Amino acid sequence: MNEKTDSLFGSMRNCCKSESFNFGTTGNAAFDDWRREELERLAEERRKLEEARAEFEAYAAELRRARDKEEFDRFMAERHSNAKKTPAARGKTGSKGDA
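For the record, in the sequence shown the residue sitting at position 27 is 27 according to full-length UniProt numbering, with numbers rising by one throughout.
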């Protein structure tokens, strides 16, 4: 779902950058200046939000990597522990049968 949302907002972002979203001038310099400043402010806010999203994505990926490593290390420890138990049990059984 996040990929679909990102795709939707990405296409909206591209639309906003195109000339069709740029309204041109109204003939009132004060209003046009205010609107330009507001659009620049909003663009800066959008950039900050995008940075925050990217930072969180990296943070979440690092958490997943740490969790995966912990699970893998636990698996390897259990596997190593089981491997030690199995040959020892076989060796004890074999030595009892040999005696």
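For each residue, glycine too, the CB sits at the ideal point set by N, CA and C. Since the structure is predicted, the reported quantities are computational estimates derived from the model, not experimental observations.
Compute the Euclidean distance between the alpha carbons of K69 and K4, then round it to the nearest angstrom.
K4 has its alpha-carbon roughly 29 Å from the corresponding atom of K69.
According to DSSP, simplified to helix, strand and coil, what is F72?
Of the three classes helix, strand and coil, the one that applies to F72 here is helix, per DSSP.
Throw me the rounded Cβ distance for the T25 and D32 pair, which I believe falls under 8 Å.
Yes, they are in contact, since the Cβ atoms of T25 and D32 sit about 5 Å apart, within 8 Å.
Quick check on F56: does DSSP put it in helix, strand or coil?
Taken through DSSP and simplified to helix, strand or coil, F56 comes out as helix.
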